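Residue numbering for the sequence shown follows numbering that gives the first Met the number 0, starting at 0 and increasing by one per position. I have placed the structure first, in the form of structure tokens, so that the comments after it can refer back to it.
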Amino acid sequence: MMNKKLFKSLLAVLLSSSIANASSLTTEVNSSNLKSNWWQNAIGYEVYIRSFSDSTGNGIGDLRGIEDKLDYLKALGVDFIWITPFYPSSDVDMGYDVSDYKNVDAKYGNLKDFEHLVQTAHHKGIKILVDMVFSHTSDQSPWFIAAKSAKNNPYHDYYVWESPTSTGGMPNNWQSWFSGPAWEYNQATNEYYLHIFAKQQPALNWKNPKVRDELANTAKFWLDKGVDGIRFDVITLNALPDIKQSSDLWGRMPLARTYLESLNQQVLSKYNILTVGEMPGVDERNADQFVGSESGALKTVFQLDIMSLGNDGNKFHPTDYSLVEFKGIFQRWYDGLYGKGWSSAVLDNHDQARAVSRWGNDKQYWQPSAKMLATFLLSQWGVPYIYQGDEIGMTNAPLTVQDFKDVEEINYYNEQIKAGIPESVFLPGLIARGRDNARTPMQWNNSKNAGFTTADHAWLKVNPNYQTINVANEEKDPHSILNYYKQMIKVRKANPAFTYGTMQIINYNDENVYAFTREYQGKKFLIVCNFRGIQTNFDTGIPNLTKDKILIHNYSEKVNIVNGSINLKPFEAMIFQLK
0 MMNKKLFKSL LAVLLSSSIA NASSLTTEVN SSNLKSNWWQ NAIGYEVYIR
50 SFSDSTGNGI GDLRGIEDKL DYLKALGVDF IWITPFYPSS DVDMGYDVSD
100 YKNVDAKYGN LKDFEHLVQT AHHKGIKILV DMVFSHTSDQ SPWFIAAKSA
150 KNNPYHDYYV WESPTSTGGM PNNWQSWFSG PAWEYNQATN EYYLHIFAKQ
200 QPALNWKNPK VRDELANTAK FWLDKGVDGI RFDVITLNAL PDIKQSSDLW
250 GRMPLARTYL ESLNQQVLSK YNILTVGEMP GVDERNADQF VGSESGALKT
300 VFQLDIMSLG NDGNKFHPTD YSLVEFKGIF QRWYDGLYGK GWSSAVLDNH
350 DQARAVSRWG NDKQYWQPSA KMLATFLLSQ WGVPYIYQGD EIGMTNAPLT
400 VQDFKDVEEI NYYNEQIKAG IPESVFLPGL IARGRDNART PMQWNNSKNA
450 GFTTADHAWL KVNPNYQTIN VANEEKDPHS ILNYYKQMIK VRKANPAFTY
500 GTMQIINYND ENVYAFTREY QGKKFLIVCN FRGIQTNFDT GIPNLTKDKI
550 LIHNYSEKVN IVNGSINLKP FEAMIFQLK
């Protein structure tokens with residue numbers, strides 16, 4: 000028996016109980032053996048399809064809209080795009096409730112549109128990753144409609160069912176991640192089905208080999224259409240325990256690993272692709288069991304630990320975050336995987352508040368802080384992912400309750416109101432950290448609806464700052480955030496140290512400045528990022544450090560260096576080539 004908070008902590012305990020802490024690794028990896036792994040030196044870009052570009056005028060982004068913007072993405076310098084789910088869905092969770100794994104939702108186009116997108120992207124040198132949601136389906140899936148009709152239906156065992164307690168209650172007190180119980184009653188079979196997320200997202204039963212075969216066939220279906228990789232959504236939630244075994248609980252990672260290894264052997268290993276897993280419960284101490292170069296079933300893992308910073312355990316209770324803790328997360332993942340497997344470098348995504356609003360300053364220091372974050376992200380170890388709009392400094396939006404579209408936000412709001420908590424207490428945090436912040440339409444220009452759609456209204460309200468923050472404006476400004484991203488991408492691609500090099504933090508206990516080195520094959524770089532909106536001095540410990548060693552700098556004003564000490568402006572960032 001457990002609640003949501005306990006569930007998350009137990010996952011970590013179960014995963015780490017038999018694994019020793021990884022020691023820091025300083026031996027360089029050998030890139031000469033990695034030529035077939037195209038993704039290691041690649042830069043990714045997440046496309047939240049619903050909000051990227053609308054080609055049909057219905058207010059919703061689509062596949063042709065993505066194709067229309069491939070030249071923009073090529074000019075930015077990204078190598079692959081990860082497209083969020085575009086399969087038929089009831090959109091309870093905006094596409095993450097899939098009803099048909101092998102088709103395209105009509106609002107996004109059709110299979111021919113997808114095939115043409117892949118072909119065109121490949122012609123332009125851009126690879127395509129699709130998003131696979133294999134932990135659950137929609138309750139409108141034909142599988143679930145059949146499954147809930149009778150216990151003897153062949154599809155019944157595709158899902159996780161439990162009988163009521165002797166008093167007719169729920170099997171246990173597990174909580175959904177989207178508020179409320181994780182169990183929903185089904186009258187036709189007198190059973191409860193499990194849903195880790197919304198009640199319209201019943202959990203799949205991976206113990207059933209027929210389910211595993213169905214999902215393997217799904218992966219093969221899309222890979223045979225030429226996709227270059229798969230991002231697996233919450234994939235470690237495929238191994239659910241017997242609820243009666245309290246010591247077992249949810250996170251049976253050996254079983255999850257077995258399932259993924261089978262999927263890899265059956266399908267994934269037969270293609271030269273990038274696979275990336277969103278893996279709740281996996282940490283830097285055991286990630287190599289899933290993504291290790293020798294034994295891993297997947298190629299990379301999403302490192303999302305930083306998303307737990309800056310709150311009191313509830314994502315909607317924002318607090319100041321510790322930069323020391325922030326540093327520790329990135330360094331631990333590097334220490335745990337460098338030379339053994341690969342991670343990802345991520346500052347936000349479609350499930351989080353905007354990076355510049357969360358880690359930077361989206362008001363007074365909007366431009367320098369957005370550029371600082373670009374400097375940091377694109378010099379980190381791991382495959383970097385730019386979330387759509389971050390490259391122009393898109394910010395959180397001034398949304399109201401009436402604007403909410405996200406099921407997590409809506410459920411949380413209703414839960415708080417039902418509990419009698421005043422809006423003034425919980426609403427500011429909900430607005431600051433709500434997922435809709437990242438999902439407002441892409442801001443292409445200053446025309447109506449930011450050039451995203453010709454419809455009267457977009458599916459989600461456009462951020463009103465689109466009049467000034469948009470692609471068209473920034474393409475014309477040589478000092479814009481967009482053009483800085485392009486420069487920083489070129490710096491990363493020109494210097495293998497940012498892909499293969501060792502990494503070492505040099506000022507671990509500094510709560511203002513994040514400074515670290517990357518070193519590879521005789522070349523060494525120093526990256527200095529002021530994460531605070533204050534002026535501060537930082538002593539590099541290099542007395543002969545000079546301005547002529549700077550590769551890139553996010554301020555137009557000159558850097559102030561005296562005897563190796565830098566007087567940093569708010570959110571100032573730079574990279575030095577030391578040798």
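Where a beta carbon is used, it is the ideal one built from N, C-alpha and C, also for glycine. Only a predicted model underlies this, so the values are computations on that prediction, with no experimental measurement involved.
Exposure of Ser268 is indicated by the presence of fewer than 16 other C-beta atoms within 10 angstroms of its C-beta.
With a threshold of 16 other beta carbon atoms within 10 Å, Leu110 falls short and is exposed. Ranked by Cα distance from Ser134, the options Pro279, Trp443, Ser292, Pro383 are led by Pro279.
In the structure shown, Lys522 falls within a strand segment according to DSSP collapsed to helix, strand and coil.
Within the same chain, and ignoring the five residues on either side of Asn472 in sequence, the residues whose Cβ sits closer than 8 Å to its Cβ are Asn444, Asn445, Ser479.
Membership of His552 in the beta strand (DSSP E) is indicated by the continuous run 549-552. In the DSSP secondary-structure assignment, Val561 is bridged to Ser564.
Per the coordinates, the alpha-carbon of Pro87 lies some 9 Å from the alpha-carbon of Lys101.
For Tyr44, the closest alpha carbon among the candidates Gly521, Asp130, Gly312 is that of Asp130. Judged by beta-carbon spacing, Gly276 lies within the 7 Å limit of Phe231, meaning their Cβ atoms are closer than that value. Judged by beta-carbon spacing, Trp160 lies within the 7 Å limit of Glu190, meaning their Cβ atoms are closer than that value. Only residues of its own chain outside the window of five on either side were considered, and among them Thr516, Leu577, Lys578 have a CB closer than 7 Å to the CB of Lys523, listed in chain order. The beta carbon of Gly309 is closer than 8 Å to those of Pro317, Thr318, Asp319, Tyr320, Arg357 in its chain, skipping five residues each way along the sequence.
For Pro421, there is no enclosing beta strand (DSSP E), as DSSP marks it with neither H nor E. Counting other Cβ atoms within 10 Å of its Cβ, Val424 stays below 16 and is therefore classed as exposed.
Around the C-beta of Thr545, fewer than 16 other C-beta atoms lie within 10 Å, and the residue is accordingly described as exposed. Secondary structure at Trp142: helix, using DSSP grouped into helix, strand and coil. In the same chain as Asn410, and ignoring 5 residues on each side of it, the C-beta atoms closer than 6 Å to its own belong to Phe177, Ser178, in chain order. For Arg517, DSSP records a beta bridge to Met502, Phe524.
In the structure shown, Ile391 adopts helical secondary structure according to DSSP, grouped into three states. At the C-beta level, Met502 and Trp341 stay beyond 7 Å of one another. By the CB criterion at 7 Å, Glu510 and Leu322 fall inside the cutoff.
Counting of Cβ neighbours within 10 angstroms places Ala146 among the buried residues, the total reaching 16 or more. Just measuring C-alpha positions, the residue of Met441, Met371, Asn172 sitting nearest Lys68 is Met441.
The segment 97-149 contains, as complete alpha helix (DSSP H) runs of 4+ residues, the segments 110-122, 141-146 (chain order). Partner residues in the beta bridge of Val512, as assigned by DSSP, are Asn529. Residue environment analysis places His456 among the exposed positions, since fewer than 16 neighbouring C-beta atoms fall within 10 angstroms of its C-beta. Assigned with DSSP and collapsed to three states, Gly335 falls in helix. Take Ala496, set aside five residues on each side of it, and the residues of its chain with a beta-carbon closer than 8 Å to its own are Arg517, Glu518, Tyr519, Gln520, Lys522, Lys523, Phe524, in chain order. Our two residues, Gln265 and Gly532, have alpha carbons roughly 51 Å apart in a direct line.
Here the C-alpha atom of Gly338 lies approximately 44 Å from the C-alpha atom of Pro397.
Between the segment 194-206 and the segment 122-129 there are fewer than three C-beta pairs closer than 8 Å, too few to call the two in contact. Contact check for Ser378 and Ile526: beta-carbon distance about 5 Å, within the 8 Å limit, so the pair qualifies.
For Asn172 and Thr164, the gap between their C-alpha atoms comes out near 12 Å. For Pro208, there is no enclosing beta strand (DSSP E); the enclosing alpha helix (DSSP H) covers residues 208-222. In the assembly as shown, Ala418 is an exposed residue. Its beta-carbon has fewer than 16 other beta-carbons within 10 Å.
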